[in-house]
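Participant:
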Amino acid sequence: MQRDPSRRRFPLSDRLIEVVDDSLTGEVLLDEALKMIKASEKMSVSTWIDLMSGETWNLMKIGYQLKQVRERLAKGLVDKGILRTEKRNFLLFDMATHPVTDGGAKVDIRNRVKNVLTARTVVLQPTEFLPEDMDFRYTRTVAMVCAAYAANVLENALSSLGHEARERAFAHVEELLGDFSQWPFTRRPSNTKSVGQNLGQVTAEEVNENKDKELQLEVVAACLSVFTRLDSLL
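This is the structure in structure tokens:
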């Protein structure tokens, strides 16, 4: 988030953002987004989301839309060895499909999602995909779950739960999205008190240990605030 004391006069999603570190991440879509933000005029979080998703009526800025997102995401997962590419025949056409090669990544994500949304006390065990020395392990996981909910793909990860447990999980993620779409993050009194009782504490500890990253975390909250207004993300 741009360091400007007057920004607090505006809603989170309307605050301007800027790139403070343009080092390449190795993720093609993220690197493309960073380059565009770095080279462009300063715009708000909600404006950038609209532009990159193609949800804009401004024909002068249609070029900001990220192209072939699904295909490029799939290719990235193929490069990581998580998916593989196969050609399958659909009617008269050969189409590329991407079945799972490394089921461990999928299992890891499913377990993390269910842990956050069903456990009384959330404990994230270190894994290949979430090592112990990774910063913001709990905050990252909450953001992932909220993004999955906004994108209408969370139900797949909860398919093994019974109906009532699944309904409680959805109620809990709605609360998380509300709590983490404001800055500072604030865990409010909950209707699902038996779930994730320690999330407020562990995420607050992560923030307190990284005071120099508060402006970056403010961007995370701003993105989640945009998600609260979306029916789905494509």
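Counting from 72, one number per residue, gives the positions in the sequence shown under this note's numbering. Beta carbons: idealized from backbone N, C-alpha and C, even for Gly.
1. Kindly confirm or deny that the stretch 79-89 and the stretch 290-298 touch, where touching means at least three C-beta pairs closer than 8 Å.
2. Do you know offhand how far K185's Cα is from M131's?
3. Kindly identify the DSSP beta-bridge partner or partners of V171.
4. I need the DSSP call for V90, collapsed to helix, strand or coil.
5. Whose CA, out of E157, T127 and E103, lies closest to the CA of K138?
6. Run through the stretch 231-290 for me and flag every whole alpha helix (DSSP H) of 4 or more residues, listed as ranges in chain order.
7. What do you get for D206, buried or exposed, if any count of 16 or more other CB atoms within 10 angstroms of its CB means buried?
8. Give me whichever residues DSSP pairs with S115 in a beta bridge.
9. Contact check, Y220 vs L270 under 8 Å by CB: the rounded distance?
10. Cβ atoms of L188 and H243: under 9 Å apart, would you say?
11. Who pairs with R159 in a beta bridge, going by DSSP?
12. Take R181 and list the residues in its own chain whose beta-carbon comes closer than 7 Å to its own, dropping the five residues that flank it on each side.
13. Give me, in chain order, the residues of the same chain whose beta-carbon lies closer than 7 Å to that of D250; leave out the 5 immediate sequence neighbours on both sides.
14. Could you spell out where the alpha helix (DSSP H) holding K138 opens and where it closes?
15. Answer yes if the stretch 151-165 comes into contact with the stretch 101-120, meaning at least three C-beta pairs across the two stretches below 8 Å, and no otherwise.
16. Could you tell me which of R143, A293 and C217 sits nearest to G97, measuring between CA atoms?
Facilitator: Put simply:
1. yes
2. Within the sequence shown, the letter at position 114 stands for residue 185. Within the sequence shown, the letter at position 60 stands for residue 131. Using only the alpha carbons, I get a separation of about 43 Å.
3. The sequence position of residue 171 within the sequence shown is 100, counting from 1. BP columns for V171 point to L154.
4. For the purposes of this step, residue 90 is identified with residue 19 of the sequence shown, where counting begins at 1. Residue state, collapsed to three classes: coil.
5. For the purposes of this step, residue 138 is taken as residue 67 along the sequence shown, with counting starting at 1. Closest by alpha carbon: E103.
6. 234-251 and 270-279
7. If you number the sequence shown from 1, residue 206 lands on position 135. By the neighbour-count rule (16 or more Cβ atoms within 10 Å), D206 is not buried but exposed.
8. On the sequence shown, position 44 is the one that residue 115 refers to. Looking at the DSSP assignment, S115 forms a beta bridge with L87.
9. Counting from one through the sequence shown, the residue named residue 220 turns up at place 149. Counting from one through the sequence shown, the residue named residue 270 turns up at place 199. In fact, because the Cβ distance is near 15 Å, the residues do not count as touching under 8 Å.
10. What you label residue 243 is simply residue 172 of the sequence shown in a count that begins at 1. What you label residue 188 is simply residue 117 of the sequence shown in a count that begins at 1. Their beta carbons are under 9 Å apart, which means H243 touches L188 by this criterion.
11. Taking the first residue of the sequence shown as position 1, residue 159 is located at position 88. In DSSP, R159 forms a bridge with M166.
12. The residue labelled residue 181 in the question sits at position 110 within the sequence shown. So the list reads A228, once near-sequence residues are dropped.
13. The residue labelled residue 250 in the question sits at position 179 within the sequence shown. The answer, listed in chain order, is F256, T257, R258 and R259.
14. One-based indexing of the sequence shown puts residue 138 at position 67. Note, K138: premise wrong, no alpha helix (DSSP H); not H, not E.
15. no
16. Here residue 97 refers to the residue found at position 26 of the sequence shown. Answer by Cα proximity: R143.
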